[in-house]
Amino acid sequence: MSLNLIVILLISPFVGFLINGLFGKWLKGNEKLSGWIGAIAVLISLVCSIMAFISVNNGNTLEGEAGVLYTWISGENFTFNIGFQVDALTTIMLLVITGVGFLIHVYSIGYMHGDEGYTRYFAYLNLFVFAMLILVLGNNYLLMFVGWEGVGLCSYLLIGFWYEKQSATDAGKKAFIVNRIGDFGFLLGMFTLFAAFGTLDFGSIFTEAEAGGYNPVFGDITLIVATLLLFVGAIGKSAQIPLYVWLPDAMEGPTPVSALIHAATMVTAGVYMIARSAILYNIAHTGWVVAWIGVLTAFFAATIALKQNDIKRILAYSTVSQLGYMFVGVGVGAYASGIFHLVTHAFFKGLMFLTAGSVMHAMSNELDIRKMGGLRSKLPITHATFLIGALAIAGFPFLSGFWSKDEILHSAWGSSPYIYIIGLITAFLTAFYMFRLIFVTFYGESRVDSETASHLHESPSVMWLPLVILAVPSALIGLLLGIGLHNSWLHKFTKDVFPTAHGEMAGNAYLFMAISTIVGLGGILFAWKRYKNRVPAEESTNSLEKLVENKYYIDELYNTFIVQPIKNGSHFLLWKLFDTGIIDGIVNSVAAVVRWFGGTLRRLQTGIVQAYIVSMVIGIVIFLAFYLFVVN
Amino acid sequence: MLLSLVIFLPLLGVIAIALLRGMGASTVKGIALIISLLTFLISIGLYYGFDADIEGFQTTDLLRQKLNWVTDLGISYHVGIDGISLWLILLTTFLTPICVIAAWNSIEKGLSGFMMSLLALETGMLGVFCSLDLFLFFVFWESMLIPMYFLIGIWGGERRIYATIKFVLYTMAGSALMLVGILALYFQNDNSFDFVALTQSGPFEHSHLLFLAFFIAFAIKVPLFPFHTWLPDAHVEAPTVGSVILAGVLLKMGTYGIVRFCLPLFPEAAANATSWIIPLAVIGIIYGALVAMVQPDLKKLVAYSSVSHLGFVVLGLFSQSHAGIQGSVLQMINHGLSTGALFLLVGMIYERRHSRMIVDFGGLAKRMPVFATFFLIVTLSSIGLPGLNGFVGEFMILLGSFVKGAFSKWYVVFATTGVILAAVYMLWMFQRVMFGKLDSTNESLRDLNPREIVLLLPILVLIVWIGVYPSSFLNPMKMSVNEVVRKVDTTQNTPAVGQLKFNENSIESGQIIESENIFMTNEEAQIK
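Chains as they are written, first to last, in our numbering: chain A, 8 to 639; chain B, 989 to 1516.
Right, here's the structure in full:
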């Protein structure tokens, strides 16, 4: 594979960004052109990605010196390159990013129609794809970090896309800052790795780590420290406990953005990072931390999703929860299964967000599912595609989620039965909240107000076509990649990237499948019983329900115990009291003392010659006396 | 020759303006612009004449000049550059024409005086970066004060007198200490002020006190916490151009002084002082950021952010590592560009709205999209987003400090929180100024005009350039940084105990010692 292919793959969306960004003013009159420039830029990347995939499938990877474009930062005894690595893991990510990315660009052409910031939107979206490609293409942690921060920036810009809305810009800012907290860990992780290995290149680090030939800066726990710090970065980017709070708020952005960035690609970067560092996690044995954080997040977020009524927020908490599953996968050492779920999730969650967008489009941007109901007849395509996505996530037999989630749960059993059981309960909750959403939105009596009902319509083809296209892999990709379970195509394809899992899979695979299926169907059935003809209540009376409805008051806790104390402490203690009060007080009083001293001494300068002579004489007398009596 | 031309060309401009100021404002502006641009163009010649493979100061006649001045007192006019001063000189010559353009329409009274001060200041600043004679250095150092005094005192805001006096007195207090230090070195340097000779002698008697004298003078300029309170006042009262020069170049005098004098001349004292300087630097990073966060005044916010950013620079300088020191030098340039640009941008909305209060703004992105784009990029550069300049410097500083710093890694952990805090205060400010609903009083604000775009664009080009391809900047400074590291890296250069005593004896007997003997490593001493 030539480096040129990768450069074209990478540069194409950046060129799209430049065109829409710099010439947006002139493109404004021609919306369609602007949108298609953005979409085609990603299409070129998609074609290149397919070529790269074919190449890797034939055994031609791009690694080491061959992938180096130029030296970025260098000095005495350190060199960081702009260099790329393309192997099985990279190509899977490339296909997801450019494939789903392209469809979402096309969808956006219709969805963003008539928006004032149309060209700006496509510029940002192209820039995002560029940054995401850097993230997965980089052959070292530093370049991964460049992409990592880059996608964070685009996420910030796109969440706050409608910048006149306070809640949108608040959400954007929150996303960036919470991500920065994660990046803080990522940075320190890189410093530790560099101190230990003297490089940040994947290849050298992994080889040296396996050989044990590194400088143990923190003794035996060097790699433990490094992997856990990197995981802090993943927690931020992939919205896990305790840094998940930004993702639900991120739904303020346009819905296609939620689909692309906050479901299919960017938020999975943390999973990718751990899969990429698989060798380190295996040596350090820190995977259990990852798995536990993952499963707790999966459960926790799923419970919150039970009581939400905002269609996008339900999907957002669902994403947090599903990301938790992926972390369970990579945490228990089933890296290929974690990535497998990443791929299936990208399709079915991307699909569900886009269908949610289609619902909003029809409903004049209404988000509250209590104000919907019976939409099935008016929006048949939207309904059908959403149903496929929901069945996939619920683990309906033979659809995508069924395969990937089952692999993860099965692997988890071998690692810890507790993780498995919590994961299984979460699977039940997932099926339940998803079908609660479906029954309340698409079934039952219509609660749409007459004004909206009068122009309730199915979305234009540029929007529903991507839905239908996405529905196909959402349904089938699991079967394609996953059949054969732990001997599936995906496992074989990635076997060179991931260290082999330790030991045989415990238990009968079909038994696990059967249990998962029963649990999933049970959740759907339970939702049907509860919500087929019922609307969620306006107010919960039960205090536990209230707690869940208010998301356990986590945002309020953070605000009261972290945000406000820092703000007030900085304002009153640091600035007013310490800076202007104490430090400047000292400075000004020194000046005042000097002035007083000068003012006092000035009085000696009377201008009367006699006075001067008197003082001179007194001085001489003292001087003489000193010499005569003291010195002698 | 070339170097002296660069230093004194602006002074020629001062004379020209003095003679021709009767011919009207446009003549004055024209002269200032032409002279400052010419200085910049000629200074680029320094880059082309620069040999990156030389350790220490450049030796060609073009870049080095030594003339006798007061021979009896060992004073000479000796100027030269190395890979560190080269960039600060270019930064100065780059920012000055931008300042001239920025002041184009905003100075109503005493335009000729303003331009003369600006150009005189440029000569002073360039002189400081080029001097290889301590006496000459001190002359230039003090001469910067006068034009700066005028810039703030005459063209400043309401409390300008308070701010100027505070600024001048603070600096003078440091200068007085430094003067004592310079004289003490003079007597230990065979009665000569020559800096190159000085770098080859030493260690000096009372090196800890001397280090302190120099360090405090420079720490005030940086400004290092807790010597920083003059800075917010000076910035708030200074006119836009004054702030740009102050943040862009004058603060670098402090960090330049540290890397030029404190580290190589008193390596041992510097190593010992690390134990209290690093905590101050780290406190400065966090403290500056937290206080910046709650400022209601845009200029104060940027001023406190400088305290935070320069904390990083000091951290890197005392990390005793290549990456850290190189990152610090690069970060001096970065800060000059980003903060300079921030002050220009703040100045631009101040000219339109006559307010610097954050609450007076909001929703400007709608009315001023071009301005918003520039502001966003500069903000991101200041936050240290990878791909822009700030990241490269910060990353190198933190990496070097973490890996090689002779202090607890916890300091680096705390310093790294500065990365989070920078995002907090900058993005919060950006949100309140740029986003939200547009206030009716701001509806008539114009977007940037071509003049303003022209003066911001070059800075933006550099911001991206340094971010994407920093090698152009890092490579020329490499050898010079190596030299500093070689001197300060105490883990390699700790003089053996016996060796040190020998040196002290020979100083007493008035011998001049070769530097090789002093910096002999433990191992070498043992072998001997």
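Beta carbons are placed, not taken as given, at the ideal position from N, Cα and C, and that holds for glycine.
For clarity, every value in this text was computed on a predicted model and none was experimentally measured.
Alpha helix (DSSP H) containing residue i: first to last residue?
i, result
"A:H368", "Y342 to A369"
"B:G1141", "L1133 to W1143"
"A:F87", "A:F87 -> not in any alpha helix (DSSP H); beta strand (DSSP E) instead, spanning F85 to G90."
"B:Q1188", "F1183 to Q1188"
"B:Y1399", "K1397 to M1422"
"B:F1092", "Per the sequence shown, residue 1092 of chain B should be read as Trp rather than Phe. Per DSSP, B:W1092 belongs to no alpha helix (DSSP H) and is neither H nor E."
"A:M640", "Chain A is shown only over 8 to 639; residue 640 of chain A falls outside these bounds and no answer can be derived."
"B:A1006", "L990 to L1008"
"A:G381", "Counting along the chain, A:G381 falls outside any alpha helix (DSSP H), and DSSP gives it neither H nor E."
"A:K412", "S407 to S422"
"B:P1255", "P1255 to M1281"
"A:C161", "Y148 to I166"
"B:K1017", "A1013 to G1037"
"A:D562", "I561 to Y565"
Taking residue i as part of the beta strand (DSSP E), name the residues at either end of that continuous run.
i, result
"B:Q1314", "That residue, B:Q1314, is in no beta strand (DSSP E); its alpha helix (DSSP H) goes H1310 to R1341."
"A:L76", "V75 to G82"
Based on the DSSP output, what are the partners of residue i in its beta bridges?
i, result
"B:S1064", "B:N1056"
"B:G1299", "The partner list for B:G1299 (beta bridge, DSSP) is empty, contrary to what the question assumes."
"A:P572", "Answer is none; A:P572 lacks a bridge partner."
"A:G145", "A:F91"
"B:P1374", "B:L1376"
"B:M1345", "B:D1285"
"B:D1070", "Looking at the DSSP assignment, B:D1070 forms no beta bridge with any residue, so it has no partner."
"A:L69", "A:V93"
When the Cα atoms are used, what is the spatial distance from residue i to residue j?
i, j, result
"B:P1169", "B:P1252", "One point to set straight first is that residue 1169 of chain B is Gly, not Pro, in the sequence displayed. Their backbone Cα atoms lie some 15 Å apart in a straight line."
"B:P1446", "B:N1260", "42 Å"
"B:R1147", "B:G1230", "15 Å"
"A:P263", "A:S577", "39 Å"
"B:G1312", "B:A1185", "27 Å"
"B:I1371", "B:L1433", "27 Å"
"B:T1111", "B:I1003", "12 Å"
"B:L1305", "A:N133", "39 Å"
"A:R127", "B:L993", "47 Å"
"A:I80", "A:F201", "14 Å"
"A:M273", "A:S245", "8 Å"
"B:P1483", "A:D256", "For B:P1483, the pLDDT reaches just 43, beneath the cut-off of 50, and the residue's location in the model is therefore unreliable, although a value from the coordinates is still provided. Their Cα atoms are separated by approximately 59 Å."
"A:A369", "A:L386", "8 Å"
"A:I400", "A:G527", "9 Å"
"A:H292", "A:I231", "7 Å"
"A:R383", "A:E556", "27 Å"
"B:Q1487", "B:Y1174", "Legend: pLDDT at B:Q1487 = 38, less than 50; position of this residue unreliable, value from coordinates given subsequently. If I take the Cα positions, the gap works out to 24 Å."
"A:G7", "A:A130", "Limits of chain A in this structure are 8 at one end and 639 at the other, which puts residue 7 of chain A out of reach."
"B:N1179", "B:Y1065", "15 Å"
"B:M1465", "A:G82", "9 Å"
For residue i, verify whether its CB is less than 7 Å away from any heavy atom of the ligand NAD.
i, result
"A:S423", "As far as ligands go, the structure on display features none, and thus does not contain the ligand NAD."
| Going along the segment 593-613 of chain A in order, which residues come within less than 8 Å of chain B, judged by CB to CB distance? | V594 and A598
| Contiguous alpha helix (DSSP H) assignments of at least 4 residues, all confined to the segment 209-262 of chain A | 209-218, 229-244 and 253-256
| field | Residues, ordered as in the chain, of the segment 1441-1464 of chain B that lie near chain A by beta-carbon distance below 9 Å | value | V1456, Y1457, P1458, S1459, L1462 and N1463
| query | At a Cβ cut of 8 Å, what residues of the segment 559-586 of chain A count as close to chain B, listed as they run along the chain? | reply | I573, K574, G576, S577, H578, L581, W582 and D586
| field | Interface positions of the segment 154-178 of chain A facing chain B (Cβ-Cβ less than 7 Å), listed along the chain | value | E156, G157, L160, G167, Y170, E171, Q173 and T176
| message | Under 8 Å, CB to CB, which of the residues in the segment 1400-1422 of chain B have a partner in chain A? | response | V1400, V1401, T1404, T1405, V1407, I1408, A1411, V1412, L1415, W1416, Q1419 and M1422
| message | Tell me which residues of the segment 70-84 of chain A have at least one Cβ-Cβ distance to chain B shorter than 8 Å, keeping chain order. | response | Y77, T78, W79, I80, S81, G82, E83 and N84
| field | Positions along the segment 202-226 of chain A whose CB lies within less than 7 Å of some CB in chain B | value | A202
| field | Uninterrupted alpha helix (DSSP H) stretches inside the segment 8-51 of chain A (no shorter than 4 residues) | value | 10-29 and 31-34
| query | Quick one: complete beta strand (DSSP E) runs, 3+ long, within the segment 1104-1132 of chain B? | reply | none
| query | Just by C-beta distance, which residues in the segment 1350-1376 of chain B are closer than 8 Å to chain A? | reply | G1351, A1353, K1354, L1368, L1373, P1374 and G1375
| query | At a Cβ cut of 7 Å, what residues of the segment 1307-1326 of chain B count as close to chain A, listed as they run along the chain? | reply | H1310, A1311 and Q1314
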